[in-house]
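Read through the structure below, which is laid out as structure tokens, and then see the notes.
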Amino acid sequence: MIAAAFSALFAACFCWLIFPVQRRPTQQDKKIKKTKNLRFVSFGVAGALFGYVAFGDVVVAAIGAVVSICVLTFCDAEKRQETKRRQELREQLPSTLELLASCLSSGAPVSQAVREVAEISPPATADMLNSYCRNLDVGRSQIQAWKSLAKEPVWEPVATDISALVASGSAMSKLLLTHAKDAREACASELETAAKTLAVKSVLPLMCCFLPSFILVGVVPIIAGVVSSGIL
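Residue 167 in the UniProt record's numbering sits at position 167 of the sequence shown; the count goes up by one each step and never skips.
What follows is the structure, encoded as structure tokens:
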């Protein structure tokens, strides 16, 4: 009986991993999904029409539809990758700014501080800092190099303020620490929001785990005992 209970528990956990509980879609989520489906249909129809008009063959039209949908899927995968990269940048930003501030406080020049931090940073942040170094290597000024980082939304507030400080000749350690604090608070707020949804998402998995176990451990033995005693 205990083995059966553990089997039910394992099965419920396995189902939860394979089919994770999704949060209730909002109106914005439904709108995005509807738009995405419409894009797939439109690309498929356009590819089919192009194949049929160009070659006059139904098979080619079907191939055109499949190719169009595959291209759109590939583009969406690139967008998801970009979203993941920006999320990594957002999470790494506070520590990166604190390291830069520490290097500057020790007396290192800005360019050297950026190079040192880039060497020990994760790939996403290292690419951003190395792009700043490459701008300096080709002869651009520090202001231009920092403004190039402002093209990335995650780094835009920091890079814009630093470029202004470089132009005025002011120290930037305090500014970096201020931005690091703001970025850390923003990340903490996002994590808190995600944690608040955990209770709702865990209801169904917990029910799938405990309900079969309760039936097997608590109800089935009673019924089996009643049947074996001849009461029924």
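Glycine included, C-beta positions come from ideal geometry on N, C-alpha and C.
If you measure between the beta carbons of Glu-116 and Cys-133, is that distance less than 7 angstroms? Their beta carbons are not under 7 angstroms apart, which means Glu-116 does not touch Cys-133 by this criterion.
Which of helix, strand or coil does DSSP assign to Glu-152? coil
Using 10 angstroms around the beta-carbon of Lys-196, count the other beta-carbons present and answer buried if the total reaches 16, otherwise exposed. By the Cβ neighbour-count rule, Lys-196 is exposed, with fewer than 16 other Cβ atoms within 10 Å of its own.
Per-residue DSSP class, three states only, for Met-172: Here Met-172 sits in coil by DSSP.
Integer Cβ distance of Ser-173 from Leu-136, believed to fall under 8 angstroms: About 20 angstroms; that fails the 8 angstroms criterion.
Where Leu-129 and Lys-201 are concerned, what is the direct C-alpha to C-alpha distance, given to the nearest angstrom? Going by the C-alpha atoms only, they are around 38 angstroms apart.
What's the C-alpha gap between Lys-147 and Val-138? 15 angstroms
Could you compute how far the alpha carbon of Ala-164 sits from the alpha carbon of Ile-143? 8 angstroms
Which of the three DSSP states, helix, strand or coil, is assigned to Arg-80? helix
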